[in-house]
């Protein structure tokens with residue numbers, strides 16, 4: 282088992298390196314002038330040129346990339362052009378909001394998606410199945426930012442139930458969580474239904490049934506266990522997606538999370554900030570996927586067998 | 005699927021014939037049975053027709069672009085079915101002309117992504133080894149950056165225009181296709197007819213394009229319909245936060261973003277462009293779902 | 024199944040630990056604790072007995088150090104935390120503030136201020152002339168307030184509480200600058216030097232103003248508390264929170280639901296509806312911003328006066344204000360100088376749209392088939408404005424393309440002269456024609472993106488600013504405005520309005536045309 286974890290950890294390194302390379306390359310193509318970004322609009326061209334020279338922005342691409350990598354290894358992601366503060370200060374200040382939103386959303390996603398998916402599969406072709414699959418398909422088609430607008434329109438403007446903007450109380454998180462999670466709940470529902478259907482037809486389920494287990498036991502203990510494997514992976518992916526998807530939702534609801542920080546950083550061409558957020562999110566995503574895989578290995582006897590010998 | 009036939013004797017014509025007639029016809033027969041898929045196909049066709057003939061229904065220049073400020077913010081009525089926006093432009097005209105942009109972007113981004121994905125995926129799968137390793141690590145890296153974030157950064161860097169938007173979307177969507185293709189390639193690579201083709205002296209490119217790729221056709225066609233829907237939503241999302249679409253181009257996401265300020269007093273302004281996105285992407289999803297079932301009959305009852 | 028649940032649990036714990044570690048120190052201070060925001064976010068319905076206030080504003084400050092807070096949100100905070108040498112009364116007459124009196128040398132070059140000796144910074148340090156020297160020199164060095172600090176040659180502390188400010192040339196409205204410009208506010212030099220880069224975001228204790236800076240939570244709010252020892256009396260409102268609500272429509276809702284007591288940047292779409300409400304007061308006032316078109320005259324096409332005039336005649340300003348500002352967000356104008364400003368000359372009415380005249384002028388200038396150019400724009404107001412102009416100008420055969428950029432990319436293009444036309448708004452910190460015109464039309468000035476260079480105008484501008492006699496100055500500005508009308512280096516569009524709303528029970532509230540909001544005069 283350790284071997285497996287180790288192997289997966291080592292595999293993460295090239296991926297993160299790849300992410301850094303991709304992000305660095307994209308941002309180094311940016312036409313804006315870093316010196317001007319730092320000194321402000323009214324600074325003289327000489328001062329800007331001087332700063333660019335000092336900070337090595339005129340060096341060749343390879344040199345700059347090597348320097349950046351070196352700095353990252355030392356834990357230095359640079360300072361924001363906006364306020365000259367270390368970029369991770371701002372990331373840590375904003376991350377709790379995004380994390381709260383993502384955790385709340387994934388919880389709601391699981392609570393809605395899996396039970397409904399199981400029920401839909403067990404009662405295939407029933408009304409419940411029809412309704413939940415059709416509404417899942419419908420919801421999957423709704424762009425979350427539009428759903429967010431519609432929610433603001435209905436629940437803030439007309440009914441006045443929830444605040445449309447900001448954070449600070451649980452009520453502030455209700456609509457963002459809802460808009461983010463329904464989309465993923467819909468996809469988890471569909472996936473659970475599919476895998477459950479497959480699983481119900483497997484031999485061992487029939488065997489269990491033949492042995493006299495109650496239908497509930499069969500479904501919840503035997504069938505679901507197997508059906509959940511792909512769902513777990515998908516949840517890992519969803520969690521990563523939530524972290525990214527929160528970008529637009531945070532913007533719509535004016536939540537001070539990583540998403541709003543990132544959009545502002547992109548609009549202000551605050552390159553160190555953009556890079557740090559992207560690398561941070563990507564690393565987080567990889568870590569979650571790693572955890573999911575380890576989890577998967579715990580459950581899946583085949584992988585386990587391969588590495589425990 | 006095709007490879008499962010026992011006693012396969014390699015024959016190019018037979019292979020082609022088999023593919024064309026029996027597989028596609030069979031899929032279509034099964035697809036026709038699904039009411040939801042047919043509904044999706046119907047809605048999608050309607051939207052495509054509306055987009056194609058938008059100019060005949062509402063003139064682009066005079067209805068969707070030209071301002072008529074004294075006529076602004078009219079609620080839906082008999083002349084302006086969806087009302088007018090803050091510039092006094094007919095919302096219905098903008099929505100149907102917006103379908104052009106969205107469908108164009110959805111299909112072109114997907115097409116390019118499929119093309120690039122086919123090349124990368126089949127090369128990776130067919131050759132394996134180091135080539136596979138390098139390609140897959142790069143794709144993994146791209147995939148670990150949330151798609152919207154990647155597109156956002158690319159559009160911000162390249163500047164805002166439709167071609168740049170297509171590039172940004174494509175980069176984000178290539179890995180998915182490449183992975184599917186690679187997986188399909190891996191399942192067929194050891195099969196007898198590939199060996200037979202190799203033995204008969206066919207070139208690598210021909211083998212890949214003729215015998216390997218058709219096997220990836222099923223999963224890819226499903227992924228295509230889903231991906232068109234997803235690109236349409238993603239483009240709308242990007243232009244909603246103010247990246248990508250240059251005014252006065254009528255694009256659904258941009259229309260939503262322009263209307264946000266007025267949403268409270270003129271809710272129809274956010275309703276219709278949003279519904280347009282939902283309908284388009286729903287029809288594609290329904291179709292894709294039906295296709296998936298039709299291509300993989302195990303799941304049907 | 025148990026195993027699975029256990030594993031899911033482990034995963035969640037791992038994620039928490041992972042993220043928890045990451046978010047430890049800065050997040051602790053940054054993430055608002057439930058109790059404090061809940062208290063501040065939910066002001067009661069009636070104002071009786073309240074001493075707190077929540078102000079919503081559309082932006083987050085770039086800085087809360089006066090010398091670098093160049094944006095509107097930053098200004099709103101710094102004008103309450105810091106103080107200047109002098110102030111103005113309601114009629115804009117100069118009154119004493121941190122300086123108890125002052126002398127101006129006969130040649131108008133040296134301003135000597137005698138500071139009060141009983142002023143202390145919020146952290147208890149006494150205020151000295153050295154603090155002013157540091158602050159003003161910092162402002163000159165940073166250069167954000169070039170229009171006010173550019174005229175200062177050097178600053179010198181001639182005693183512990185005596186300050187000499189020497190100008191490069193005589194400048195009549197200088198006292199107005201000392202009163203209005205946030206760049207000339209004083210900060211505690213000792214704290215600022217110690218804090219370095221950190222000072223701009225966390226200047227605790229560094230002001231002398233009616234409010235003390237408490238905290239700035241990134242993306243959420245800035246908190247201030249009353250300075251009970253304020254030298255002009257403790258303010259009635261003791262706790263102030265500036266909340267960032269970027270979306271204006273959300274700001275209006277926050278105001279209605281009582282989430283905020285004041286929203287300073289109302290959308291003109293919301294104003295009419297809010298005005299109907301009894302529990303909300305709305306104030307719309309003339310902002311200190313004039314919007315105008317800059318046509319880059321390094322491009323051959325715009326060197327022709329007739330082309331510039333054609334542009335002016337192609338705009339229907341009434342419809343523009345209707346489409347972009349809901350009909351109430353601006354007053355059309357034919358002169359970028361404000362009517363209540365020293366040096367304003369009458370007789371330059373707004374241009375009226377005249378498609379035929381525009382076409383004729385273009386044809387005369389050698390463009391019978393019309394012209395084509397690009398307007399640079401950013402998302403938001405500039406985009407809508409550009410789109411509206413695009414539609415209007417099309418009628419006169421002018422083909423406008425829009426280049427949609429982010430702000431920094433736009434500035435980059437402007438600075439490097441890659442622009443054709445931009446819609447500019449430049450603020451005038453003080454009510455004087457010098458301040459309102461210099462940056463727009465003098466050659467070589469940073470904000471002169473028309474690249475207009477007329478030696479006659481430059482010369483008149485210099486003469487006018489050095490002139491100490493009011494009548495002569497006014498006459499010089501009249502001459503300049505006459506030239507601007509005939510040569511039309513920039514096309515004046517409209518004076519922007521500012522709309523703010525507040526809880527009806529709040530006393531002393533109004534909308535400020537400058538970017539400031541002064542809390543000291545407010546009470547419940």
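Protein chains in written order, with the numbering used here: chain S, 282 to 590; chain U, 5 to 305; chain X, 24 to 547. All C-beta atoms, glycine included, are put in the ideal place defined by N, C-alpha and C.
Beta-bridge pairing of residue i - partner residues as DSSP gives them
i                     : result
residue 182 (chain X) : X:185
residue 270 (chain S) : This structure leaves residue 270 (chain S) out entirely; chain S is present only between 282 and 590.
residue 395 (chain X) : X:422
residue 355 (chain X) : X:517
residue 143 (chain X) : X:149
residue 127 (chain X) : X:134
C-alpha gap between residue i and residue j, whole angstroms
i                     : j                     : result
residue 536 (chain S) : residue 314 (chain S) : 29 Å
residue 476 (chain X) : residue 482 (chain X) : 11 Å
residue 55 (chain U)  : residue 110 (chain U) : 13 Å
residue 104 (chain U) : residue 357 (chain X) : 42 Å
residue 342 (chain S) : residue 309 (chain S) : 8 Å
residue 416 (chain S) : residue 405 (chain S) : 15 Å
residue 92 (chain X)  : residue 163 (chain X) : 14 Å
residue 359 (chain X) : residue 275 (chain X) : 30 Å
residue 298 (chain X) : residue 149 (chain X) : 46 Å
residue 293 (chain S) : residue 431 (chain S) : 40 Å
residue 290 (chain U) : residue 60 (chain U)  : 28 Å
residue 474 (chain S) : residue 390 (chain S) : 14 Å
residue 519 (chain X) : residue 352 (chain S) : 47 Å
residue 295 (chain S) : residue 301 (chain S) : 10 Å
residue 214 (chain X) : residue 255 (chain X) : 24 Å
residue 522 (chain S) : residue 386 (chain S) : 11 Å
Proximity of residue i and residue j at Cβ, strictly below 7 Å
i                     : j                     : result
residue 448 (chain X) : residue 336 (chain X) : no
residue 359 (chain S) : residue 553 (chain S) : yes
residue 422 (chain S) : residue 282 (chain U) : yes
residue 338 (chain X) : residue 524 (chain X) : no
residue 99 (chain U)  : residue 276 (chain U) : yes
residue 252 (chain U) : residue 69 (chain U)  : yes
residue 79 (chain X)  : residue 268 (chain X) : yes
residue 445 (chain S) : residue 453 (chain S) : no
residue 552 (chain X) : residue 85 (chain X)  : Chain X is shown only over 24 to 547; residue 552 (chain X) falls outside these bounds and no answer can be derived.
residue 401 (chain X) : residue 430 (chain X) : yes
residue 109 (chain X) : residue 222 (chain X) : no
Residue of the options minimising C-alpha distance to residue i
i                     : options                    : result
residue 113 (chain U) : U:148, U:171, U:193        : U:171
residue 225 (chain U) : U:82, U:185, U:80          : U:185
residue 474 (chain X) : X:322, X:362, X:145        : X:322
residue 445 (chain X) : X:232, X:426, X:451        : X:426
residue 122 (chain U) : U:95, U:296, U:188, U:77   : U:188
residue 619 (chain S) : S:518, S:514, S:487        : Residue 619 (chain S) lies beyond the stretch modelled for chain S, which goes from 282 to 590, so this question has no answer here.
residue 413 (chain S) : S:332, S:428, S:509, S:395 : S:395
residue 255 (chain S) : S:317, S:566, S:419, S:426 : Chain S is shown from 282 up to 590; residue 255 (chain S) falls before or after that span and cannot be answered.
residue 296 (chain X) : X:442, X:282, X:349, X:455 : X:349
residue 209 (chain U) : U:130, U:107, U:44, U:82   : U:130
residue 305 (chain S) : S:348, S:332, S:334, S:290 : S:348
Minimum Cβ-Cβ distance from residue i to chain C less than 7 Å
i                     : result
residue 549 (chain S) : Chain labels in this structure do not include chain C; the protein chains are S, U and X.
**Prompt:** Which ranges does the alpha helix (DSSP H) cover as unbroken runs of at least 4 residues, wholly within the stretch 219-301 of chain X, from first to last along the chain?
**Reply:** 271-280, 294-298
Would you list, in sequence order, the uninterrupted alpha helix (DSSP H) runs of no fewer than 4 residues that lie entirely inside the stretch 29-57 of chain U? 29-37, 39-56
*asked:* So within the stretch 434-505 of chain X, which uninterrupted beta strand (DSSP E) runs reach at least 3 residues, ignoring any that extend past its ends?
replied: 444-450
Secondary structure, alpha helix (DSSP H): runs of 4+ residues fully inside the stretch 374-417 of chain S = You should have found no qualifying run.
>> So within the stretch 221-251 of chain U, which uninterrupted alpha helix (DSSP H) runs reach at least 4 residues, ignoring any that extend past its ends?
In response: Qualifying alpha helix (DSSP H) stretches, in chain order: 221-244.
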